[in-house]
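Residue numbers (the working numbering): 3 to 514.
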């Protein structure tokens, strides 16, 4: 931790911590509270950014079971690096205060938005469904089940991005000595949105999240959930036994195919639902192609948050700036994917610094002093990873790669960060080694392989091997829609343009 516990021994989580300085964080004001935690808006002094600062409630700090579950929330979310998932920045303890610092997203949650939009249009419905589905697909590839998908946990930013929040009930795969949620007296999900198997206490897999998201989509389209009742039990029983009113009976202005998709998500038998969020996305894309002519309208608005009292999490404003840069340089096929592609990048500093270096040939991202800093070995790979996010040095990320035992969730992400740093420091040979390792992953790891192929193209351009880079770009293109990393997409635009200029100059130069 950046601040020793004894320096903050007088701070208790039972207090209102507004105005207090905890380590690197100045807590500005209280945003809200939940069953286990209180959330503050805070400013991280070292990076001069606002974060959501989640503090474990005081009555739980001496209970090891609650502390373990609180830490597991951060582990579940930190393992999911994706534009449509609220990102974890740091987890730690200061005195008796256990905290999670995470991305702060300005906007409103989907429940608030639904109350202001009685009949959302098809483009808006599809935009929300596609982006949430992308988040669930990411979680599904890691074997992570959210367990509490509902409108309150879906956040809409000013710029039109959608982010899934609160993996506090998430179950990680293959956990040793798992923390059973029933042992800590926490309801498994919210009755209005629970899957039948969740009501019955059966084992859950990603299809349960698809059902809960189906209930959420039904609520968004119809204006109310499919099942309501006087008690949580009465609602839960309806999820087991009652079929929802057909959506076409409630709204006739949307395509029949959309209603069929939502009702398939709501199948009582998990085997009759979409078996993965990836399958769901495929049907949503077909619907988009059939009814929106494969393109989102240019006038697709962001979410109207005028006069909304924001008590959620705020996005970094550089997302909009980077979007504008990408729109100005993207080709027609890329523009078609403007909303469909996830708006992903790991951090504002890394995006801005990497892009600026390639475009202006400024100094390296990592100074020699930072690169030579010693890296402490942490007690688990999650803490090692979070330390690397703070230090952002090759040594810190390499420590994640070398952590014993290796973790299949964190190692590829650490390699991605190393590739970015190596590219920014002109160490193209080191970048190529790691790119080739990502390319050699299982074919199912399409996102990581796409990142590796794009990185290889950028590195070869940096080495002046333009013909080889052009071949790498051609190899990347079939997986182009799988890359959701905005930083690498921007660098790939740079590489393509430089390759074209260099190859054109060679073609037109006089022969010797």
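Think of the CB as a built atom: it goes at the ideal place given N, C-alpha and C, for glycine as much as any other residue.
Output the boundary residues of the alpha helix (DSSP H) element that contains residue 241.
The residue labelled residue 241 in the question sits at position 239 within the chain shown. Where residue 241 is concerned, the enclosing alpha helix (DSSP H) stretches over 234-243.
Does DSSP classify residue 268 as helix, strand or coil?
Within the chain shown, the letter at position 266 stands for residue 268. Reduced to three states, the DSSP call for residue 268 is coil.
Considering only their Cβ atoms, is the gap separating residue 93 from residue 25 smaller than 9 Å?
As a position in the chain shown, residue 25 is number 23, starting the count at 1. As a position in the chain shown, residue 93 is number 91, starting the count at 1. For residue 25 and residue 93, no; Cβs fall outside 9 Å.
Residues in the same chain with beta-carbon distance under 8 Å from residue 2, minus the five sequence neighbours each way, listed in chain order, please.
Residue 2 lies beyond the stretch modelled for the chain, which goes from 3 to 514, so this question has no answer here.
Mark residue 50 as exposed unless 16 or more other C-beta atoms lie within 10 angstroms of its C-beta, in which case mark it buried.
Translated into positions along the chain shown, residue 50 becomes position 48. Result: exposed.
So what does DSSP say about residue 204, is it helix, strand or coil?
By 1-based counting over the chain shown, the position of residue 204 is 202. In this structure, residue 204 counts as coil in the three-state DSSP scheme.
Would you grab the beta carbon distance between residue 541 and residue 506 for me? Rounded to a whole angstrom, and I think it's under 8 Å.
Residue 541 lies beyond the stretch modelled for the chain, which goes from 3 to 514, so this question has no answer here.
Scan the stretch 372-420 and note each continuous alpha helix (DSSP H) run of 4 residues or more that stays entirely inside, going in chain order.
383-393 and 396-403, all fully within the stretch 372-420.
Excluding the five sequence neighbours on either side, which residues of its own chain have a C-beta within less than 7 Å of the C-beta of residue 453, listed in chain order?
Here residue 453 refers to the residue found at position 451 when the chain shown is read from its first residue. Counting only Cβ-Cβ distances below 7 Å, and skipping sequence neighbours, we find 418, 440, 485, 487 and 490.
When the Cα atoms are used, what is the spatial distance from residue 159 to residue 148?
Reading the chain shown from its first residue, position 157 is the one you call residue 159. Reading the chain shown from its first residue, position 146 is the one you call residue 148. Cα to Cα, residue 159 sits roughly 21 Å from residue 148.
Would you please state the rounded distance, in angstroms, between the beta carbons of residue 87 and residue 139? I believe it to be under 8 Å.
Taking the chain shown and counting its residues from 1, one reaches residue 87 at position 85. Taking the chain shown and counting its residues from 1, one reaches residue 139 at position 137. The Cβ separation is near 11 Å, so there is no contact.
Determine the extent of the alpha helix (DSSP H) in which residue 469 is found, giving its start and end residues.
Counting from 1 along the chain shown, the entry for residue 469 is found at position 467. Residues 468-478.
Can you name the residues that DSSP bridges to residue 283?
Against the chain shown, residue 283 aligns to sequence position 281. According to DSSP, residue 283 bridges with nothing at all.
Pairs of beta-carbons, one from the stretch 205-216 and one from the stretch 270-283, closer than 8 Å: are there three or more?
Taking 8 Å as the limit for Cβ pairs, the verdict is that the stretch 270-283 does touch the stretch 205-216.
Could you compute how far the alpha carbon of residue 499 sits from the alpha carbon of residue 55?
Against the chain shown, residue 499 aligns to sequence position 497. Against the chain shown, residue 55 aligns to sequence position 53. One C-alpha to the other measures close to 42 Å.
Tell me where the beta strand (DSSP E) around residue 165 begins and ends.
Residue 165 sits at position 163 when you count from the first residue of the chain shown. It spans 164-166 - the beta strand (DSSP E) in which residue 165 sits, taken as one unbroken run.
Return the first residue and the last residue of the alpha helix (DSSP H) that residue 453 is part of.
Along the chain shown, read from residue 1 onward, the residue named residue 453 stands at position 451. First-last of the alpha helix (DSSP H) with residue 453: 448-464.
Using beta-carbon positions only, say whether residue 459 and residue 435 come within less than 9 Å of one another.
To locate residue 459, count along the chain shown from 1; it is residue 457. To locate residue 435, count along the chain shown from 1; it is residue 433. For residue 459 and residue 435, no; Cβs fall outside 9 Å.
Which one or two residues does DSSP pair with residue 56 in a beta bridge?
Against the chain shown, residue 56 aligns to sequence position 54. Paired residue(s): 41 and 102.
Can you find the residues in the same chain that come closer than 6 Å, C-beta to C-beta, to residue 225, ignoring five residues on each side of it along the sequence?
Position 223 of the chain shown, counted from the start, is the residue given in the question as residue 225. Cβ within range, chain order: 120.
Short check: CB of residue 33 to CB of residue 99, under 9 Å?
Taking the first residue of the chain shown as 1, we reach residue 33 at position 31. Taking the first residue of the chain shown as 1, we reach residue 99 at position 97. Not in contact: residue 33 and residue 99 (Cβ atoms no closer than 9 Å).
So, with DSSP's three-state summary, where would you put residue 35?
In the chain shown, counting from the first residue as 1, residue 35 sits at position 33. Correct three-state label for residue 35: strand.
Secondary structure at residue 134, three-state DSSP: helix, strand or coil?
Along the chain shown, one-based indexing puts residue 134 at 132. Of the three classes helix, strand and coil, the one that applies to residue 134 here is helix, per DSSP.
Which residue's Cα is closest to the Cα of residue 105: 90, 111 and 416?
Working through the chain shown from its first residue, we reach residue 105 at position 103. It is 90.
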